[in-house]
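Novice:
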Amino acid sequence: MEILREPFMQGFIRLTDDAFRKGWHERNGGNYSYRIKPEEAEAVRAAFSCGRDWQDIGVEVKNLAGEYFLVTGSGKYMRNVILDPPANICIVEVDETGTKFRIVWGLTEGGRPTSELPTHLMNHSIKKELTGGRHRVILHAHTTNVIALTFVLPLKDEVFTRELWEMATECPVVFPEGVGVVPWMVPGGRDIALATAELMKKYNVAIWAHHGIFCSGADFDETFGLMDTVEKSAEILVKVLSMGGKCQSITAQNFRDLAADFHVTLPERFLYE
Ligand code: 2HA
Ligand code: ZN
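Residue 215 in our numbering sits at position 215 of the sequence shown, and the numbers go up by one each step.
1) What separation, rounded to the nearest whole angstrom, lies between the Cα atoms of Asn31 and Arg112?
2) Classify Pro187 as helix, strand or coil using the three-state DSSP reduction.
3) Can you grab the Cα-Cα spacing for the pair Ala65 / Val94, in whole Å?
4) Quick one, what's near the ligand 2HA if you take every residue whose CB is closer than 7 Å to any heavy atom, in chain order?
5) Among the residues of its own chain, which have a CB less than 6 Å from the CB of His120, if the five just before and after it don't count?
6) Could you round the C-beta distance between Thr196 and Phe214 to whole angstroms and report it? I think they count as a contact, below 8 Å.
7) Under a three-way DSSP split, which group does Lys76 fall into?
8) Suppose the cutoff is 7 Å on Cβ atoms and the five residues either side in sequence are ignored; what does the same chain contact list for Cys171 look like?
9) Rounded to the nearest angstrom, how far is the Cβ of Leu70 from that of Phe12, given a contact under 8 Å?
10) According to DSSP, what are the bridge partners of Ala141?
11) By DSSP's criteria, Ala358 is part of a beta bridge. Which residues make up the other side?
12) In whole angstroms, what is the alpha-carbon distance linking Glu39 and Leu107?
13) Run through DSSP, which three-state label would Asp257 get?
14) By the 10 Å Cβ neighbour count, where 16 or more other Cβ atoms means buried, how is Gly98 classified, buried or exposed?
15) Between the stretch 242-253 and the stretch 143-154, do three or more beta carbon pairs fall short of 8 Å?
16) Roughly how many angstroms separate the alpha carbons of Glu129 and Lys201, rounded to a whole number?
17) Which residues mark the beginning and the end of the beta strand (DSSP E) in which Ser33 is found?
18) Out of Thr143, Asp221, Ile236, point me to the one whose CA is closest to Ala206's CA.
19) In terms of residues, what are the limits of the alpha helix (DSSP H) holding Trp208?
20) Would you call Val176 buried or exposed, if buried means 16 or more other Cβ atoms sit within 10 Å of its Cβ?
21) Let's test the definition: count the other Cβ atoms within 10 Å of the Cβ of Leu266 and tell me whether it reaches 16, buried, or not, exposed.
22) For Pro7 and Phe220, I'd like the C-alpha separation in whole angstroms.
23) What's the C-alpha gap between Ala193 and Ala141?
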């Protein structure tokens, strides 16, 4: 199948395999979407079929009208994407009102796009606007150590950001804007989509308490790398807490010095004593 040889398709599929091997996607856990570039959609348009029904997205995403997304299927296993992409992923088209979608390719054995499609599309909508179209990838995963931390740390952006920054010197350089936290909510619906989108206005990382994480990025490498960095930092923190907690750490002033040398802006609200 020609379409599977396209670089965007290859990049998408490679990430699903890498993320599964990381242990982020048990069973059908997690989901993933890519906003396809117009020239990429054009290159594969011959493979599209438009016979399937328009369905409600559940949220309105006006600035995504007419766009195409490559997304994982609801109930499909990330582990199986590389083995049989057309059965496990699909391309959806958003209609001209930004309220409906239809499948134009994939899910050859039936099914729907990810249950988290409302959150994915809301996040794409916000990020398209705020990054001038640069961000194209949204990844949701069940990262073990980040989830573990949501049982022991206060569910506050300031606490999660500062603790994760302290665990690896590169963290404030990789996510200088910090991370946001959504309290436990029912997944799959409009409310959690709106809460997540609100955080995506400020951050590229939204943590869902007792559930997982959403990351946004410009391309596959950047988005995967961001999630990997956050999860690794969370793993260090879990180890540190398990060993009895910090005896010393990176200080607020250390972060200010780092920010100056690395030319990043670190919001003062994360630099409390
Ligand atoms: O199982 O991760 O959030 C898919 C999910 C739902
Ligand atoms: Zn999930």
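Even for Gly, the Cβ is constructed at its ideal location relative to N, Cα and C.
Quick caveat, the model's predicted, so the values are computed rather than measured.
Specialist: To lay it out plainly:
1) 12 Å
2) coil
3) 5 Å
4) Asn28, Gly29, Gly30, Asn31, Thr114, Ser115, Glu116, His140, His142, Pro187, Gly188, His211, Gly212
5) Ser33, Ile138
6) 6 Å
7) coil
8) Leu164, Trp165, Thr229, Ser233
9) 5 Å
10) Ile213
11) The first residue shown for the chain is 1 and the last is 273, placing residue 358 beyond what the model contains.
12) 23 Å
13) helix
14) buried
15) no
16) 10 Å
17) 31-35
18) Thr143
19) Premise fails: Trp208 lies in the beta strand (DSSP E), 205-208, not in any alpha helix (DSSP H).
20) One point to set straight first is that residue 176 is Pro, not Val, in the sequence displayed. Result: buried.
21) buried
22) 11 Å
23) 15 Å
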